[in-house]
Amino acid sequence: MGKLYYGSAGEPIQVSDRLLAHLKFVATTKLRRQESFALNILHPTSEDAGRTTLWIQPAIPLRFVFSSAEPETLDRELIKQLAEDANTTGGMTLDARETARPLNAVPAAA
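Position one of the sequence shown corresponds to residue 1 (UniProt numbering), numbered consecutively onward.
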């Protein structure tokens with residue numbers, strides 16, 4: 001399992017290395033363009049049920065830690081899906097219980 005550190009939070013968010021690699025690709029592309037986005041993460045089964053939403057923006061430190069030294073093979077379709085979701089009002093949603101499948105974006109309540 002990989003770890004995502006965001007801002008000054010001491011506790012990382014646990015995400016599979018495969019999913020974390022795809023998130024890293026999309027996030028660094030967007031942040032390089034100075035684009036912010038919402039990131040929703042459904043908690044893994046090892047934690048209490050629920051979800052966490054982060055506002056990802058260039059001014060806040062972001063660190064990706066992988067459990068494997070070998071880089072993951074990236075799936076173009078998954079990258080495309082994550083990038084499209086990140087461009088929506090609801091943002092990108094990752095299921096930390098899954099190894100590589102993002103959830104479809106759910107529209108925010110009006």
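Beta carbons: idealized from backbone N, C-alpha and C, even for Gly.
Check for me: the alpha helix (DSSP H) holding residue i runs from which residue to which?
{"i": "R32", "result": "D17 to R32"}
How should residue i be labelled, buried or exposed, when 16 other C-beta atoms within 10 angstroms of its C-beta is the threshold for buried?
{"i": "N87", "result": "exposed"}
{"i": "G91", "result": "buried"}
{"i": "D48", "result": "exposed"}
Between the Cα of residue i and the Cα atoms of the options, which residue gives the shortest distance?
{"i": "T53", "options": "N40, T28 and E77", "result": "N40"}
{"i": "I60", "options": "M1, H22 and R32", "result": "R32"}
{"i": "G2", "options": "A9, S8 and L20", "result": "L20"}
{"i": "P71", "options": "L4, D17 and Y5", "result": "D17"}
{"i": "T93", "options": "V65, T73, I56 and L62", "result": "I56"}
{"i": "R76", "options": "Y6, Q34 and V26", "result": "V26"}
{"i": "L74", "options": "S36, R63 and K24", "result": "K24"}
At what residues does the beta strand (DSSP E) containing residue i begin and finish?
{"i": "I56", "result": "R51 to I56"}
{"i": "L74", "result": "From DSSP, L74 is part of no beta strand (DSSP E); its letter is neither H nor E."}
{"i": "D48", "result": "Counting along the chain, D48 falls outside any beta strand (DSSP E), and DSSP gives it neither H nor E."}
{"i": "M1", "result": "Counting along the chain, M1 falls outside any beta strand (DSSP E), and DSSP gives it neither H nor E."}
{"i": "T93", "result": "M92 to D95"}
Since I believe residue j is in contact with residue i (beta carbons under 8 angstroms), could you give me their beta-carbon distance rounded to a whole number of angstroms?
{"i": "L42", "j": "A96", "result": "6 angstroms"}
{"i": "residue 122", "j": "V65", "result": "Outside the modelled stretch of the chain, which goes from 1 to 110, sits residue 122, for which no answer is possible."}
Self-check item: Touching by the beta-carbon criterion (3+ pairs, under 8 angstroms), the region 5-13 and the region 68-82
Solution: no
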